[in-house]
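Asks:
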Amino acid sequence: MSQTVKPWLRLRHGLQHDYRVIKVREDRWADPRTGHEQPRVLVDCSDWVNVIAVTPEDQLVLVRQFRFGIQSPTLEVPGGMVEPGEDPAVAAARELEEETGYVPGRVVPLGDVHPNPALQPNRCFSYLALDCVKHHAGRQDEGEDIAVELHPRADVPRLILEGHITHSLVVVAFFLERLRAESGGSR
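Listed below in structure tokens is the structure:
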């Protein structure tokens, strides 16, 4: 049996620190059980997209890039930020082309998740991009250094289980793809 959780009342917004891709602030909230004031850090950022890109030859288009949080390169699907007012499906195709030079024949929504609802209000939308064809070398943003890799689509479980793919939102994208396939969703 589920219990009702009361909403918390925001008492005031804290000072916001803008770091270009995220904004951080500490707000004060009233605990609904006690009425006591509680500080909570919020990390405000744009919605994100992740793209499982597949070529006509059933190869995955993956990217390898340095991630500062773990100070190491990661193997991931292409993805990035949704611009204000941009449709996430459009952002998915745009990010795929910018990072890899591949253009999809078709983009299928897989679902979306809250990356970290304890701290962030944004969503991460996952897409399956089919019939991806290389059109150019890619147009990476300033500060990006991305290597494009092709991997057989059948290697996904091995890449995850052996720790080659460790980014949680990328694993979620592959999980959403599997759920869609198992539920009879179109490809």
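Residue numbering for the sequence shown follows the numbering used here, beginning at 386 and increasing consecutively. Ideal Cβ positions, reconstructed from N, Cα and C, are used throughout, including at glycine.
Which whole-angstrom value describes the C-beta separation of E468 and Q525, a residue pair presumed to lie in contact below a C-beta threshold of 8 Å?
Replies: Incorrect: roughly 16 Å between the Cβ atoms, too far for contact.
Asks: Classify L400 as helix, strand or coil using the three-state DSSP reduction.
Replies: Coil, per DSSP.
Asks: Compute the distance between the beta-carbons of L460 and L544, then report whether it is under 9 Å.
Replies: Yes; because the gap between Cβ atoms is below 9 Å, this pair is in contact.
Asks: Does DSSP put F453 in a helix, a strand or coil?
Replies: DSSP places F453 in coil when its eight states are reduced to three.
Asks: Using beta-carbon positions only, say whether L513 and V428 come within less than 9 Å of one another.
Replies: No.
Asks: For I550, which of helix, strand or coil comes out of DSSP?
Replies: Coil.
Asks: Between the Cα of T419 and those of P392, P441, Q401, spot the shortest distance and give me the residue it belongs to.
Replies: Of P392, P441, Q401, the residue nearest in Cα terms is P392.
Asks: Is T389 buried or exposed, if buried means 16 or more other CB atoms sit within 10 Å of its CB?
Replies: Exposed: under 16 other Cβ atoms inside 10 Å.
Asks: Which of the three DSSP states is assigned to A476 in this structure?
Replies: In the structure shown, A476 sits in a helix (DSSP, three-state: H, G or I).
Asks: Specify the secondary structure class of P542 as computed by DSSP and reduced to three states.
Replies: In this structure, P542 counts as helix in the three-state DSSP scheme.
Asks: Do R538 and Q423 have their CB atoms nearer than 9 Å?
Replies: It is not a contact, given that the beta carbons lie outside the stated cut-off.
Asks: Just the Cα atoms here: how many angstroms apart are F559 and A476?
Replies: Whole-angstrom Cα-Cα distance: 19 Å.
Asks: Roughly how many whole angstroms lie between the Cα atoms of W433 and P506?
Replies: If you take the alpha carbons of W433 and P506, they lie about 11 Å apart.
Asks: Please list, in chain order, all residues of the same chain as E482 whose beta carbon is under 6 Å from its beta carbon, the five residues on each side excluded.
Replies: Correct list, in chain order: V488.
Asks: Hey, out of S568, A438, C509, whose CA is closest to D472's CA?
Replies: For D472, the nearest C-alpha among the options comes from C509.
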